[in-house]
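These notes are about the structure you will find just below.
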Amino acid sequence: IFTIIWGVLIYVRFLGFADLPGAFADWISSLHYSPMMILICILLAYAVLGMFMDAIGMLLLTLPVVYPAVMALNGGEYVSAADSAFGMSGPMCAIWFGILVVKMAEFCLITPPIGLNCFVVAGVRDDITVQDVFRGVTPFFIADAVTIGLLVAFPAIVLYLPSLA
Numbered sequence: 292i293f294t295i296i297w298g299v300l301i302y303v304r305f306l307g308f309a310d311l312p313g314a315f316a317d318w319i320s321s322l323h324y325s326p327m328m329i330l331i332c333i334l335l336a337y338a339v340l341g342m343f344m345d346a347i348g349m350l351l352l353t354l355p356v357v358y359p360a361v362m363a364l365n366g367g368e369y370v371s372a373a374d375s376a377f378g379m380s381g382p383m384c385a386i387w388f389g390i391l392v393v394k395m396a397e398f399c400l401i402t403p404p405i406g407l408n409c410f411v412v413a414g415v416r417d418d419i420t421v422q423d424v425f426r427g428v429t430p431f432f433i434a435d436a437v438t439i440g441l442l443v444a445f446p447a448i449v450l451y452l453p454s455l456a
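Mapping to the numbering used here: the sequence shown position 39 is 330, numbers consecutive.
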């Protein structure tokens with residue numbers, strides 16, 4: 292894990308010097324699609340990445356580039372809710388996006404073909420195959436997909452407690 296973290300620290304420095312997050316944010320903001328459509332595409336990209344990457348590595352490698360782009364889509368870090376694309380202030384958008392990304396990482400832990408949690412369960416029990424585990428997690432897979440859809444469609448679910456502070 293420390294090797295991954297050190298590698299990501301070097302990677303983030305390189306990204307900062309190359310200004311890739313700024314360029315990606317400018318490119319995403321210039322697209323002529325709705326911000327919600329772009330966010331859904333980003334979440335689908337996370338789902339595909341999660342099929343082949345570990346969740347921690349996926350988050351550490353992508354968030355330095357994707358987070359500034361999502362904040363730019365919303366209107367910036369310090370935008371008010373009235374002026375934002377997602378209907379929430381910058382800090383609330385950061386919380387919402389953070390929860391969406393963590394939920395996507397959890398979703399990817401049971402997604403075939405890598406589904407790390409499924410392989411762990413299959414490795415603990417000798418009488419269960421990986422195919423049995425993947426069949427067993429299908430209801431959870433569907434429930435997670437519905438939950439992510441609800442969190443995207445209704446951000447108030449996520450933002451109720453933070454809005455009380």
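From the three backbone atoms N, C-alpha and C, an ideal C-beta is built for every residue, glycine too. Given the structure is predicted, the values throughout are model-derived calculations rather than measurements.
When the Cα atoms are used, what is the spatial distance from residue i to residue j?
| i | j | result |
| --- | --- | --- |
| PRO430 | CYS409 | 13 Å |
| LEU364 | ASP417 | 48 Å |
| VAL421 | ILE448 | 34 Å |
| ALA336 | GLU368 | 23 Å |
| SER320 | VAL415 | 46 Å |
| ARG304 | PHE293 | 17 Å |
| GLY406 | MET379 | 33 Å |
DSSP three-state call for residue i: helix, strand or coil?
| i | result |
| --- | --- |
| GLY313 | helix |
| MET379 | coil |
Please work out which residues of its chain come closer than 7 Å, Cβ to Cβ, to residue i, disregarding the five sequence neighbours upstream and downstream, and give them in chain order.
| i | result |
| --- | --- |
| VAL357 | ILE333 |
Hey, would you say residue i sits closer than 8 Å to residue j, going by beta carbons?
| i | j | result |
| --- | --- | --- |
| GLY381 | MET362 | yes |
| PRO453 | ILE401 | no |
| LEU322 | ILE329 | yes |
| CYS399 | ALA346 | yes |
| GLY313 | PRO359 | yes |
| VAL393 | LEU352 | no |
| PRO326 | PHE377 | yes |
Contact check, residue i vs residue j under 8 Å by CB: the rounded distance?
| i | j | result |
| --- | --- | --- |
| MET383 | LEU450 | 5 Å |
Take residue i and list the residues in its own chain whose beta-carbon comes closer than 8 Å to its own, dropping the five residues that flank it on each side.
| i | result |
| --- | --- |
| SER375 | ASN365, GLY366, GLY381, CYS384 |
Residues in its own chain within less than 6 Å of residue i by CB, not counting five upstream and five downstream?
| i | result |
| --- | --- |
| ASP435 | PHE398 |
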